[in-house]
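J.: Residue numbers (the working numbering): 88 to 223. Every residue, glycine too, gets a C-beta built ideally from N, C-alpha and C. This one's a predicted model, so the numbers in the text were calculated from it and none came from an experiment.
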Amino acid sequence: MKYRDYEKLGSIYFLFGLFLVLFIVCIIISFRVSIIKKYQMLSGVYVGKNQVMILVSSRELSWFYRNNWILIDGRRVSFTIDRLNKDMIKREGVEYHQLFLGVEIDSYTENDSVSVFIFQKKISFRFMFFDIWKGG
Numbered sequence: 088m089k090y091r092d093y094e095k096l097g098s099i100y101f102l103f104g105l106f107l108v109l110f111i112v113c114i115i116i117s118f119r120v121s122i123i124k125k126y127q128m129l130s131g132v133y134v135g136k137n138q139v140m141i142l143v144s145s146r147e148l149s150w151f152y153r154n155n156w157i158l159i160d161g162r163r164v165s166f167t168i169d170r171l172n173k174d175m176i177k178r179e180g181v182e183y184h185q186l187f188l189g190v191e192i193d194s195y196t197e198n199d200s201v202s203v204f205i206f207q208k209k210i211s212f213r214f215m216f217f218d219i220w221k222g223g
């Protein structure tokens, strides 16, 4: 029996099936394996003598208790909690605390603004994808 060209679709079906299987495997691997570290940026003020003052909520304060490292200028820096003044400001039902961190940095002068990045949690690619999809 002689087949016409449009009837010889077996190889096309095979390649489409192979592509579909590879695509599904890649999606499953990316959702299960990829772990992304999520950091939160906080603004602080360099107050001198290797101290940075930050206003934090109770939730953000717990992050400082869990971590030993922060990121300043893209560098990983160890810190110590020197002082903590609780319940300094109450705004919209959230109480903020004044936190003084002991940090070894030399590139700032007194009253400079410092961006501090603190590790929040690890999330998978799937959760990051859905956060971006929602717009947040």
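In terms of alpha-carbon separation, which member of ASN137, ILE205 and ILE122 lies closest to GLU197?
T.: ASN137
J.: To the nearest angstrom, how far is the alpha carbon of GLU191 from that of ILE115?
T.: Put simply, the backbone Cα of GLU191 is about 43 Å away from that of ILE115.
J.: To which residues does DSSP link VAL203 through a beta bridge?
T.: Bridge partners of VAL203: LEU129 and ILE159.
J.: Apart from the five residues on each side of it in sequence, which residues of its chain come closer than 6 Å, Cβ to Cβ, to PHE151?
T.: none
J.: Taking the CB atoms as reference points, tell me whether SER126 and ASP199 lie closer together than 9 Å.
T.: Position check: residue 126 holds Tyr in this sequence, whereas Ser was assumed. Result no, Cβ atoms of TYR126 and ASP199 do not sit closer than 9 Å.
J.: Quick check on TYR183: buried or exposed, where buried means 16 or more other Cβ atoms within 10 Å of its Cβ?
T.: A residue is called buried when at least 16 other Cβ atoms come within 10 angstroms of its Cβ; TYR183 meets this threshold and is buried.
J.: How close, in whole Å, do the beta carbons of ARG188 and ILE141 come, if the pair is a contact with beta carbons under 8 Å?
T.: The sequence shown places Leu at residue 188, not Arg. That belief holds up - the Cβ atoms of LEU188 and ILE141 are roughly 7 Å apart, short of 8 Å.
J.: From the DSSP output, which residues share a beta bridge with ASN154?
T.: BP columns for ASN154 are empty, so no partner.
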